[in-house]
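For the sequence shown, the working numbering begins at 865 and goes up steadily by one.
This report concerns only the one structure given below.
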Amino acid sequence: MAFNPDNYGLRLFVRYLVLCLIALIFIFPLVFMINSSFKPDSQLLADTSSLRAFLPVGDISLNNYFGAFRRAPVGLFVLNSVLVTGATVLLSLLICSMAAFSFAFLRWKGRDVVLSIVIATLIIPFETIAIPLLLLVSKLPWIGLDGLHWGWLNTYRVQIIPWIADGLTIFLFVQYFKGLPGELIEASRVEGASWWQVYYRVVMPLSGPVLATAAILKFLVMYNQYLWPLIVVQQENYRPVMVGLGYFFQLNVAWGEVMAYLTLITVPVLIFYLFLQRAFIASIASTGVKG
């Protein structure tokens, strides 16, 4: 069949039109949230029955943002979530990639059985292990600068350490590592490189796409944590943003302040995603990975 540039241009136009419509559907809640954060409650509720809900019209001000900071320590909650999430993501990428490297390249007895068990943990709901895990961390020791302590409750570590390793991240790394050219690993070993050198000098520099993907998924899971921090953290100094949302539903609910708070806590997610999106595209271009 002869190539018809007119048909190709039409198909390309239709494709991008459909993609733009899908993007608009997904972005509408964000537009509604941001615009509503500038409106008083009376106008916010009245506008929900019309397209004015998606437009910055009417009595626009920053009062909801000031009210949100008065109602809850927003900056502290965001800082806690960013700290916990950032530490967990970095440690998870390190530990899970090392575990996946051993599953993908090393030969040891019971490797496939252990990998199957790791992947099987994905089907276990967190609610089934929440209470046993709570009892465990409440009795664990910790050596700090001021001596030995028992129990991890009301700390940052209880929100970080249990979530460093997970089956999904390990599985993503294993699948990506298995797709790398085996000749590179064999050549490195022939040249006398140790397995540790193969890991950080050969494999990891080629793993930009999976690092970005795993980081984004882990970031979203950790940043949206609610149940676990709710049961292990009772002190306000360690609470993350999702637990802090409960401050806005006590006594009288101010929906404008809720929208302002949600807008503020969404900013770190967007920044992280945009940063890793660039890193993801750059890593694909540099490694030549396609598809």
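Beta carbons are placed, not taken as given, at the ideal position from N, Cα and C, and that holds for glycine.
| Asked | Found |
| --- | --- |
| I'd like to know whether the C-beta atoms of Ala932 and Leu1091 end up nearer to each other than 8 Å. | no |
| Determine whether the beta carbon atoms of Ile1080 and Phe1035 lie at a separation below 8 Å. | no |
| Within 8 Å, do at least three Cβ pairs link the region 1032-1047 to the region 1111-1129? | no |
| Alpha carbons only, please: which of Gly1015, Pro989, Leu986 and Tyr1020 is nearest the one belonging to Leu998? | Gly1015 |
| Thinking C-beta only, is Ile1024 closer than 8 Å to Ala1159? | The first residue shown for the chain is 865 and the last is 1155, placing residue 1159 beyond what the model contains. |
| Counting C-beta neighbours from all protein chains within 10 Å, is the total for Phe863 16 or more, i.e. buried, or is it exposed? | No answer is possible for residue 863: it lies beyond the span of the chain, which begins at 865 and ends at 1155. |
| Pick helix, strand or coil for Pro1069, following the three-state DSSP scheme. | helix |
| Which full runs of the beta strand (DSSP E) of 3+ residues lie inside the region 976-1033, going along the chain? | 1005-1008 and 1011-1014 |
| Using only CA atoms, which one of Leu876, Pro1132 and Met1106 lies nearest to Val1122? | Met1106 |
| Within 10 angstroms of its Cβ, does Phe892 collect 16 or more other Cβ (buried), or is it exposed? | exposed |
| Tell me which residues share the same chain as Arg935 and place their Cβ nearer than 7 Å to its Cβ, disregarding the 5 neighbours each side in the sequence. | Tyr1111, Phe1112 and Glu1121 |
| Since I believe Met1086 is in contact with Trp1027 (beta carbons under 8 Å), could you give me their beta-carbon distance rounded to a whole number of angstroms? | 6 Å |
| What does a CB cutoff of less than 6 Å around Ala917 pick up in its chain, not counting 5 residues either side in sequence? | Phe896 and Asp911 |
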